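Written out below as C-alpha cells is the structure these notes cover.
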C-alpha cells in the first residue's frame with residue numbers, strides 16, 4: 179500500500195490496536211516494558227490523539243479487569259463484562275441484527291427497554307442467565323456493552339455440591355449405628371460429614387469453573403459478532419474530490 183495513503187480516525191484506531199497486538203506477540207517473556215499513564219499520554223499525544231482518552235481507556239480497562247476476575251472460593255468467574263466504543267451511531271436495522279445474534283446464541287427472546295440515547299436488552303425470567311446488552315450513543319460515538327452477573331448461580335452450584343457431599347458423608351456411617359457407641363458414632367459422623375462437604379466443595383468448584391468458562395466463551399464470541407456488525411455498518415470515509423490538473427498556459 180502506498181505510503182501517502184490517508185486513514186480516517188476509525189482506521190487509525192484499528193491499525194494502532196493491531197500494531198499493539200503484533201508487538202505483544204513479538205516480545206520475549208520478560209521483555210515487556212511497563213508504562214505509566216503519563217508516559218502513555220505522551221505517546222498518544224505524539225500520534226495526534228487526545229491524551230484525555232488514555233484516562234478514559236484505563237478506567238474502562240480497570241473495570242473490565244475487576245469484573246472478569248475468577249473467584250478462588252467458587253472456582254470460576256462470577257461476573258463477565260465486554261465493552262467497546264465505535265464511532266458514529268448504530269442504526270435501528272443494525273441494532274435489530276445485533277439482537278437477533280443474542281437471541282440465537284442465548285436462546286432467549288429478551289426484552290428491550292429504551293431511555294433516550296440508551297437501549298438495554300436483557301434476558302427474561304425464562305432463563306436463569308442474567309445478560310444485559312447496552313447501547314449508549316453520546317457525542318458521535320456508540321458504546322457497546324455486554325455483561326452478565328452470575329454470583330447466585332456460582333454460589334448455588336458450589337453450595338449444593340458441598341451440602342450433598344456432607345449429607346452423603348453423614349449417611350455413610352448410619353449402617354454402623356448398631357455397632358458403634360454413641361460418642362464414637364457422633365465423632366465419626368462429624369468427620370465424615372466434613373470430609374464429604376470438602377469433597378463436594380472441590381467438585382462444585384470444578385463444575386462451576388467449567389460452566390462459567392462455557393458462558394464466558396459464548397458471551398465473548400457473541401460480543402465479537404456484535405462489534406463486527408457495528409464496525410461493518412459504519413459508512414465508508416468520503417474520498418476527497420479529485421483535483422484536475424491545471425491547464426497549461428498557452
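Residue numbers (this note's numbering): 179 to 428. Ideal placement from N, C-alpha and C gives every residue a C-beta, glycine not left out. For clarity, every value in this text was computed on a predicted model and none was experimentally measured.
Going by Cα to Cα distance, which pick from 337, 397, 219 and 387 is closest to residue 378? 337
Take the Cβ of residue 193 as the centre, count every other Cβ of all protein chains shown within 10 Å, and call the residue buried at 16 or more, exposed below. exposed
Alpha carbon of residue 254 to alpha carbon of residue 396, nearest angstrom: 15 angstroms
Residue 266 versus 371, 384 and 295, residue with shortest Cα-Cα distance: 295
Quick check on this structure: which residue in 383, 350, 320 and 309 has the alpha carbon closest to the alpha carbon of residue 339? 383
Among the candidates 342, 257 and 325, whose CA atom is the shortest distance from the CA of residue 312? 325
Coarse secondary structure for residue 221, derived from DSSP in three states: helix
Can you have a look at residue 316 and say buried or exposed, based on whether 16 or more other CB atoms are within 10 angstroms of its CB? exposed
Can you check the segment 242-312 for any beta strand (DSSP E) of at least 3 residues that lies completely inside it and give the ranges in chain order? 257-265, 289-293 and 296-300
Going by DSSP in three states, residue 319 sits in which element: helix, strand or coil? strand
Report buried or exposed for residue 309, applying the criterion of at least 16 other Cβ atoms within 10 angstroms of its Cβ. buried
Can you give me the C-alpha to C-alpha distance between residue 373 and residue 306, rounded to a whole angstrom? 31 angstroms
List the endpoints of the continuous alpha helix (DSSP H) containing residue 349. 329-350
Pick out whichever of 320, 376 and 348 has its Cα sitting closest to the Cα of residue 261. 320
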